[in-house]
Amino acid sequence: MFTEKISPRFSETDVLGHINNTVLPIWFEAARVPIFKFFTPDLNPHDWKLIIAKVEVSFVGELFYGHEVEIKTSVEHIGSSSFVVRQEAWQQGTCCAVGKTVLVRYDFNNKCSKKLDEDEKTALAAHLFASE
5 MFTEKISPRF SETDVLGHIN NTVLPIWFEA ARVPIFKFFT PDLNPHDWKL
55 IIAKVEVSFV GELFYGHEVE IKTSVEHIGS SSFVVRQEAW QQGTCCAVGK
105 TVLVRYDFNN KCSKKLDEDE KTALAAHLFA SE
């Protein structure tokens with residue numbers, strides 16, 4: 005599992021004083037960088053190997069400005085050419101949001117999915133989600 009700490013910005017709050025729901029997918033994407041490096045170690049966008057097939061966020065609590073947020077990133081499922089990244093946003097000891105993103109290993113030249121190789125599967129498997 006990877007973890008990243010985020011300090012919410014005042015501009016990320018909504019009129020109700022919560023972190024706006026549009027912010028979580030951005031935070032989750034930033035916290036997926038270690039996963040991206042399994043495929044493109046230098047993060048060169050001209051050598052990118054992944055596309056997003058699906059993103060979902062379930063809000064299970066409120067997030068607020070003024071308190072650090074910890075994003076926990078793990079791998080929930082590994083398929084033949086795709087995998088699911090599970091992410092949780094924790095604030096003050098409470099899980100406030102759970103995100104799941106389906107990423108596909110992609111061949112941009114041929115415009116099609118590509119099977120994950122064994123090294124990629126091994127790297128992903130080292131971070132499989134373990135329910136507590």
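The opening position of the sequence shown corresponds to residue 5 in our numbering, with each subsequent residue numbered one higher.
For every residue, glycine included, the Cβ atom is placed at its ideal position computed from N, Cα and C.
Just so you know, these numbers come straight off a predicted model, no measurement behind them.
Item: Among His-22, Gly-21, Phe-133, the one whose alpha carbon lies nearest that of Phe-87; Value: Phe-133
Item: Beta-ladder partner(s) of Tyr-2, from DSSP; Value: The structure shown does not extend to residue 2, since the chain is modelled only from 5 to 136, so the question has no answer here.
Item: Beta strand (DSSP E) segment containing Thr-44, residue limits; Value: Taken as a continuous stretch (DSSP letters only), Thr-44 belongs to no beta strand (DSSP E), as it is neither H nor E.
Item: Bounding residues of the alpha helix (DSSP H) (the contiguous stretch that carries Phe-32); Value: 28-35
Item: Nearest to Glu-33 (by Cα), restricted to the options Cys-116, Pro-45, Glu-92; Value: Glu-92
Item: Residue interval of the alpha helix (DSSP H) (run including Trp-126); Value: Trp is not the amino acid found at residue 126; the sequence shown has Thr there. 122-129 is the span of the alpha helix (DSSP H), which, as asked, contains Thr-126.
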